[in-house]
Each structure stands twice: as structure tokens, then as C-alpha cells.
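Those protein sequences? They're chains E and H, same order as listed.
Just so we're aligned: 282 in the working numbering is position 282 of the first sequence, and the numbers increase by one with no gaps anywhere.
Here the working numbering runs 671 ahead of the position in the second sequence, where the first position is 1.
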Amino acid sequence: MIAEIGQFALVLALIIAGVQVVVPMVGAARGDGTLMAFGSRMAVAQAVLLILAFAALTHGFVVSDFSLALVFQNSHSLKPMLYKVSGVWGNHEGSMLMWVLILAVYGAAVAVFGRNLPPTLKARVLSVQAMIGVAFLAFIVFTSNPFLRLNPAPPDGTGLNPLLQDPGLAFHPPLLYLGYVGFSMAFSFAVAALIEGRIDAAWGRWVRPWTLAAWVFLTGGIALGSWWAYYELGWGGWWFWDPVENASFMPWLFGTALLHSSIVVEKRDSLKSWTILLAILTFSMSLLGTFLVRSGVLTSVHTFASDPARGIFILMILLVTVGGALSLFAWRAPTIRGGGLFAPVSREGALVLNNMLLTLASATVLLGTLYPLILDAASSGASRVSVGPPYFNATFAPIMVPLVAAMAIGPLLAWKRGNLRAAARKLMLAAAAAIAAIAATFIAVPDGPALAPFAIGLAAWIATGTLVEWSARIKLFAAPAAESWRRLTGLPRAASGMTLAHLGLAIMIAGITGASAWRSELITTLAVGETAQVKNYALTLQAVENGRGPNYNFERGTFLLTDRNGATIVMYPERRFFPVAGQSTTEAAIKTTLMADLYAVLGTSRTTPEGTEQWTVRFFINPMVPWIWLGALVMVGGGLLSLSDRRHRVGAPRRKQQHAPGVSGAPAPAE
Amino acid sequence: MRRFLAVFTILAAFATSALVSGTPALAVEPDEMLDDPALEARARELSKVLRCVVCQNQSIDDSAADIARDMRLLVRERLVAGDTDSQTIDHMVARYGDYVLLRPPFQTNTLALWVGPPLMAVVVATLALLFFRVYQREQGARTGPEPLTPTDRAQLDAFVEKLAAEPGRPRRKNSLRAEINHPFGAQEGDGGESDNRTT
């Protein structure tokens, strides 16, 4: 019964979304306030209905209603409650329902919080948002209905995969979706502005917080996924340039570019057409990601072709959305007049460089991701190549190095026209820090890859450069402490947010370098009581014991690590066997310290001809790996801090109206 | 805001948990490994650039599949037989096709793949150059200020004299004038001062 309510709510949401496409758009064209206001109400109604549908599906999973086909396939009565709930989005139908739910919630958020938006712009944004909603709701209703029933209902479900029962995997998809569906806001604002024919600084101000929120979620989601892979896969890899990862990384790169270019729109009323184009491209990447992940095209181009209903549907959505938006852009963009002029060496110029390099990086990832699929399809399978990590490392890193190098300089340049020499003078300290870091790294790790110390130097360069810029703003040490404190409290949170986010990247770069350059590993067999040497540690397998968990049996090793000073660490990696599912998992034991992760895995055992039982033991020292996720957390923190800036708060009363002519209540005539 | 905090707390909570679960994707087994550490190190490096041909985007170094094990053993066999790294790779390509290479070879069907990024870099750089050279100047001509009248010019000159005479401002008149004439620096080095006075 509850599932039928969900089904009904889903179909009703589709109908309402359909009306929401038309009514506010007509209202905006006619200048009819009643019709425009109707859009807000429908956006809220659509979100409420989808929450209802999602709750109905969740109820099915929670009470293990196996008469629902989806619950039968993806759940089991013995699953812990957390994983029954996360099972809702751990499958195709449920994850698509979550996709449209998030889309509708963003739309409703504009309706509720966007009180100070010009009514026509708001109506058009809601209409465009509903167009995306209609497409995906139709996709769900017609090809991926989550509420199909089974008759008779089976006694128990089949979805008891212990590998999927992990908190990281449970929360990774919602965060990721909040991120890349969040870019639909920037898209809807861009398309609405093109229809409206007016883009001004205020537009940039409205788009920024939404883009920032989406970016924060996406950063968190990608980091969580990467961290999950790190501990989940049992050997410490954290990024694989896998197409599924790239699918979320491309919107992130474009979104990061958009975040920066919208600053120029807001502050300087410039780069407007480019920012609109970026907003369209960013969401296109989100749609492309959805297509890649949800169509099955990645598993094999050929299985995709043999069961095309879903894939073709999403492909059509992708083509119509992107094609339509780009055509609109081509038609309307020439009417957008640029605002403020700027010299190549200026804050704007630096942000243009940021955009060029991020776009280039994203295009390269796109090429590498799609190339094997296109080649395979074009040659009907006769010509197949693999594009793996060596390709991406070779093409991506050379683009990132200048980006990161310029990152310390950009914030020090003035708007309109910057002074490179003055910036360089201020960066002497950063240059010194970079050289010191390179030298220190060479001395500390003389036998590593030759480029690694330079990467550490680069991290020190941005970290110091960013802090130099921040301390110059508050006149740290240059003025009395009280004056610095007054300046700090007066500093816009967006500025401190930028500092924090850039610092986060520095930390992450150091982590990535350490993890890829100086990893040590030991793969061997040990009997109980035997010891092996890894770097500075003596690793002893002290004991292996058997036991019983809630729904599994386990074999637990006790590893004693003794370093050269005699200090000891005990680690307990496990192997678990789940009798009901007939599967086993390994539980790596990870000891995180500031400078490295110690990572221990207990493998299978075998008995030697002499009768001793030996276990395969894997032990890794992953230097600086925790910094990767620490850096991501700091970046997320910077984004949140920036988002809490009152200037970014959508709907917050504006204090300094006279300073922002574009925001003034009276609509400025289109230029 | 509260929602963000919740997410933040969750992330932080994850970051502190030490014992975590995982799939048994255990690749290289001790019994496969070669006794000669130098040879074994080469085998590992080669394994990282060879794809497990039945896996989704996994190298044979990472994959626990049976065929990956066979491929790892084959690599080691070749190395023990005295093959160089490139001979070993060639052998694997002869046996499994280009598909086995995670770093695609530079050849006709991958031309776009390798030429693409540098080509795009050139296109992006050209567009940026055009933006500064053409678009900005055009916009400047369209929306820029009216040309200076002789009176304005005289006033400006007087101002420059005054600024240059100020103590503690060691700026030369020429640089001040240049800045006034080219406020955005976009025309640097293309015709000197005189052209701007007439526009």
C-alpha cells in the first residue's frame, strides 16, 4: 500500500514538473505575476511529492517488503539497519530516484530562499529546473520504476553482499549526487539568464552560493569515495583514473573553474558569456557522468547496444539538454556585453588562466575517458585500446603544475591591472619556503623519484604564498596585534575561505606526492612467531585466532610492529567469512599517524609440506597518505566558511545596496 | 548550515575510525615473486602498466583475477628468460593486443588521444590571446571613455608634474604618463604612446 502511495507521488511529481515547465515560463514572458508565483508553489509541491516517494521506497527497505522487486534484489532481512537504508540508493532505480529528489529539493530551495530574485528570473530558473526534472522523472517512470511488485512475494531478499556493507559506501552516493546534481542550479540560472537576455553582477552573486554548495558536496563526495577505495581494496590505492571516478571528477574540474569565473562576474561584471558557457558545460559533465555510470556503457559498449532502452533514454536527455542549451547560448550570447576591462596581468587575468587550465584539464580527462569507448564503437570492437593511469598522469600533471604555481600569485594581483613585480616581491618568502622544502625532502628521502621533492616544493610554495596573502590582508606582524585582530574579524569570510581551500590543496598535493613516491611494501608469508623487516619496522606475526562476529566468522591476526627505538604497535587485521552470503572479506588494519599510514592485511593461509601453517601477509607504509583526505577536509572547510559569508547568503538582506548597482531593486534595462 | 555540519561530522567520524572492511582484491602472491629483488622490482613496475584483460580498468598488479595471475607469471617468465622491459611488453602486446597497454601506444588509432591535449592547449591559449587582443580592445572602443580634449590633456599633464614632484614618490613622469595613456596595459608594445591619443 505504501509503495503504491510512493508510485502515485512519483507520477504526480512528473505531471507537476510538466506544468512547472510551462506555467512560470509563460508567466515570465507575459509579465503575469500570478503565473510566475505559481512556479514556486509547484517547485515545493514537486519536492514534497518526491520526498514522499523516496520515503515510501525507504519504508519498503526498512521493513524488508520483499514483494517489491527492488527490495528483493537489493536487500535481505539480516542486513544491519544502516545498510537496509543505504540499499535504497545502492541500485540503479533507487539512485535515480535520489537524483531527481535532490534536483527537486534544489529547485524548492530556490523557490523558498530566492525571495530577492527578480520574479521573471526566478520563474525562468524554476521552469528550466523543471525541464530537467521532467526528463529524469519520465526516465524513472518509463524505464526504471522502483515500485514494481512481485507476486507471490519471495520469503527473503538476495542482496546480502557483505562487500557493500560499509559506511563509506553508504554515504558516498548522496554526497556525490548533492554535488553534481547541485550544478543543475548554475545551469538553470545560466539558461534562464540567456532567455532573459540580462546577465549582470547580481546574477553572479546569485549563482555563486549554489555553485559553492554543490562544489563543497562534490569535493566531500569524491574524497569520501577515494578514502573508501583506499581502505576497501586492501592494498592502499586511492585514485585509479577509473571512468566512474572521472565521471565525477570532470564536473568537479569544470565546477571549480565556474566557481572562480563567477567571482569575476560578481566583482567586475566581466567574463559573462564565458561563465554562462561554463555553467552549461559543468552540468553537461554531470549529465555525462550520469550517462556513463547509469547506462552500462562502461561495462561494455556492446552490452549497452544490446539492451539500449535506459542508455538511449539518458543519452537523449544528455543530447537535448546540452544541445539545446548550447544552441541557446550561440543564439543569445552575442547580445551579452562585457563589462569591466582588465589587463592580462591582473586578478581577472589570473582567474582566466585558472579557467583555461582547468578547462584544459577537464577536456583531457574527457578525451581519455571517452576515447576507448568511441574507438570501440566506431570500429565495432575491432580496435580496442586501454587508457589507464599512465596516460592520465602523463597528460594531467603538466596542466596542473602551472595552475598550482600561478595559484600563489593570482590572489596577490590587483583587479584590473596587477603588478607582477610587486607580487613577486611578496612571494620571496614562499620561494624560500619552496626551496627549503625541496632541499629538506632531498635530504630526508634521497632514494625516491627525482621529481617528488619538487612536488613537495610546489605544495610549500602555495601554502606559504596563500598564508602570505592572508597575513598581508590582516597586516599580521606589520601592525599591532589588536589592529590585526580587528582586521581579521572584519575580513570577509569568503576571503578566509579561499585561503583555507587553497591551503587544503597544498596539503593534498603533499599527500599525493608522498603516497605515490615513497610507498614501501612487504608481501611475504609468515608463520606464527616469525618476523620480517620493512623499512624501520620489524613485523612479527604474534598470533592468529578464530572467532565469531554477529553474522560472520573471522580469523584475526595479531601483528606486533617494533621500530628501531623499540617502541611497539599492535595491529589486528582480519579475514571475515559470511556463511549466509558465502563470501569472505578482508579487514585491513590501518594505523594513522601524522606522517604515514601503516596498513596491514592478513591473507589466506596454507600449510607447508613440513606441516607449518603460513599466512600471506601484506604490509604497507604509505607516507603522507592521510594528508590527501585531510587536504580535502580543509578544502571542504574553506568552502563552508566561504558559504557562511553573509554576502553569499541567498535571501540575506543586503546592507550596502548603493555599492552594488546591479542588485538594485529596479531592473536595469538590458544593455 | 546544520546540514553541512552534519556532513562534516560524518566525514570527521570516518576519518578517525581505524579498523575498516574491504574486498579481498589481493593481487601479487608471495609464491609468484622472484628471488632476485631487482628482477622482481622490474616485474612489479611492468605489472603496473599492463591491463588485466578481463577486468574493468585494473592493472595486473592490482587484480586478483586468475588471468591476471597468469599474466604476472608470464611477465616474470620473460624477465627470467632475459628479456628487456620493452621486449616483455612487446611479447604481451603480441599475445593480448594493444588493449593490454594501460598507456596507449602512439599510433594511427590513438593519434587524437595523444595529439589532442597539446592541440587543445594551443587552441585555449590562442583563444585567450584573441580575447585580450581583439575582444577587449573592441569592447574598450565601444564602451570606453570619450577621447581626451586638449583641456583634459593639459590638466592631466599638470597632475603628472605635481605627482612626480611629490617627495617620497619616486615615480618617473614617463611611467605615470604611460599608465594614463594605457590604463589597461593591453596595448603594450604595439605602437607606443601616440596611437591612444587619437582613438
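Just so it is clear, CB atoms sit at the ideal spot from N, CA and C, and this is done for glycine as well.
Keep in mind that this is a model prediction, so the values were computed, not measured.
Give the interface partners of Thr282(E) over in chain H, defined as CB-CB distance under 8 Å, in chain order.
The premise fails here: Thr282(E) is roughly 17 Å from chain H at the closest Cβ pair, so nothing lies under 8 Å.
Distance check for Ile621(E) and Leu630(E), CA to CA, integer angstroms please.
Each residue's alpha carbon lies about 18 Å from the other.
Ala333(E): which of Val181(E), Ala13(E), Ala257(E), Ala192(E) sits nearest, CA to CA?
The shortest C-alpha separation from Ala333(E) is found at Ala192(E).
Which one of Leu287(E), Gly221(E), Phe249(E), Gly197(E) has the shortest CA to CA distance from Lys272(E)?
Checking every option, the nearest Cα to that of Lys272(E) belongs to Gly197(E).
Which residues, in order along the region 491-523 of chain E, keep a beta-carbon less than 8 Å from a beta-carbon of chain H?
If the cut-off is 8 Å between Cβ atoms, the region 491-523 of chain E has Ile523 near chain H.
Going by CA-CA distance only, name the one from Leu126(E), Ala257(E), Ser270(E), Met508(E) that's closest to Trp239(E).
Checking every option, the nearest Cα to that of Trp239(E) belongs to Met508(E).
Less than 8 Å between C-beta atoms, sequence neighbours within five positions excluded: which residues of the same chain meet that for Ala9(E)?
Same-chain partners within the cutoff: Leu49, Leu50, Leu52, Ala53, Ala56.
According to DSSP, simplified to helix, strand and coil, what is Gln658(E)?
Confidence in Gln658(E) is poor, its pLDDT being 39 and thus under 50, which makes the residue's placement unreliable; the coordinate value appears in the next sentence. Residue state, collapsed to three classes: helix.
Is it the case that the Cβ atoms of Ala515(E) and Ala459(E) are separated by a distance below 8 Å?
No. Outside cutoff.
Quick one: which chain E residues come within Cβ less than 7 Å of Phe803(H)?
In chain order: Pro344.
Beta-carbon of Tyr767(H) versus every beta-carbon of chain E: anything under 8 Å?
Closer than 8 Å: no.
List, in order along the chain, the chain E residues whose C-beta lies closer than 7 Å to that of Ser757(H)?
Within chain E, no residue comes near Ser757(H); the closest Cβ sits about 15 Å away, beyond 7 Å.
Given that a residue counts as buried once 16 or more other Cβ atoms are within 10 Å of its Cβ, and exposed if not, what is Ala444(E)?
So Ala444(E) counts as exposed.
Under the three-state reduction of DSSP, which class applies to Met742(H): helix, strand or coil?
If DSSP states are grouped into helix, strand and coil, Met742(H) belongs with the helices.
CA-CA distance, Pro251(E) and Ala45(E)?
The straight-line gap from Cα to Cα measures roughly 29 Å.
With DSSP as the reference, please indicate the residues paired to Pro623(E) in a beta bridge.
The partner list for Pro623(E) (beta bridge, DSSP) reads Ala596(E).
Answer with buried or exposed for Gly504(E), where buried requires no fewer than 16 other C-beta atoms within 10 angstroms of its C-beta.
The residue in question, Gly504(E), is buried, as its Cβ has 16 or more Cβ neighbours within 10 Å.
So for Ile336(E), helix, strand or coil by DSSP?
Three-state DSSP puts Ile336(E) in coil, outside helix and strand.
Give the residues of chain H in contact with Ser383(E), contact being defined as C-beta atoms less than 9 Å apart.
The contacting residues are Asp769, Asn780.
If we cut at 8 Å on Cβ distances, does Met81(E) have a partner in chain H?
No, its Cβ sits nowhere closer than 8 Å to a Cβ of chain H.
Does the structure place the region 240-248 of chain E close enough to the region 143-157 of chain E that three or more beta carbon pairs sit under 8 Å?
Too few Cβ pairs lie closer than 8 Å, so no.
May I ask you to report which of helix, strand or coil DSSP gives Lys122(E)?
Three-state result, Lys122(E): helix.
Could you tell me if Leu451(E) is buried or exposed, where buried requires 16 or more neighbouring beta carbons within 10 angstroms of its beta carbon?
By the neighbour-count rule (16 or more Cβ atoms within 10 Å), Leu451(E) is not buried but exposed.
Applying a beta-carbon distance threshold of less than 9 Å, which residues of chain H neighbour Ala363(E)?
Result: Gly787, Pro788, Met791, Val795.
Run the CB neighbour count on Glu232(E), radius 10 Å, all protein chains shown included, and call it buried at 16 or more, exposed below.
Label assigned to Glu232(E): buried.
So, is the C-beta of Ser708(E) closer than 8 Å to a C-beta in chain H?
Outside the displayed span of chain E (1 to 671) sits residue 708(E), for which this structure offers no information.
May I ask you to list the residues that DSSP assigns as paired with Val601(E)?
Paired residue(s): Arg618(E).
Comparing the C-beta of Pro821(H) with each C-beta of chain E, is any distance below 8 Å?
For Pro821(H), the answer is no, since every Cβ of chain E falls outside 8 Å of its Cβ.
Confirm, please, whether the CB-CB distance from Leu253(E) to Val580(E) is below 8 Å.
Not closer than 8 Å, so no.
Does the Cβ of Asp597(E) have 16 or more other Cβ atoms within 10 Å, making it buried, or fewer, making it exposed?
By the neighbour-count rule (16 or more Cβ atoms within 10 Å), Asp597(E) is buried.
Can you say whether Ser664(E) is buried or exposed, counting buried as having 16 or more other CB atoms within 10 angstroms of its CB?
In this prediction, Ser664(E) scores a pLDDT of 37, lower than 50, which makes its location untrustworthy; the coordinate-derived value is nonetheless stated afterwards. Ser664(E) should be labelled exposed.
Is the region 461-477 of chain E in contact with the region 604-618 of chain E, if contact means three or more CB pairs nearer than 8 Å?
Contact fails: fewer than three Cβ-Cβ distances are below 8 Å.
May I ask you to report which of helix, strand or coil DSSP gives Ser270(E)?
If DSSP states are grouped into helix, strand and coil, Ser270(E) belongs with coil.
Mind checking whether Leu194(E) and Leu328(E) have CB atoms under 8 Å apart?
Yes. Within cutoff.
Check for me: the beta strand (DSSP E) holding Arg41(E) runs from which residue to which?
Careful: Arg41(E) lies outside any beta strand (DSSP E), inside the alpha helix (DSSP H) at 33-62.
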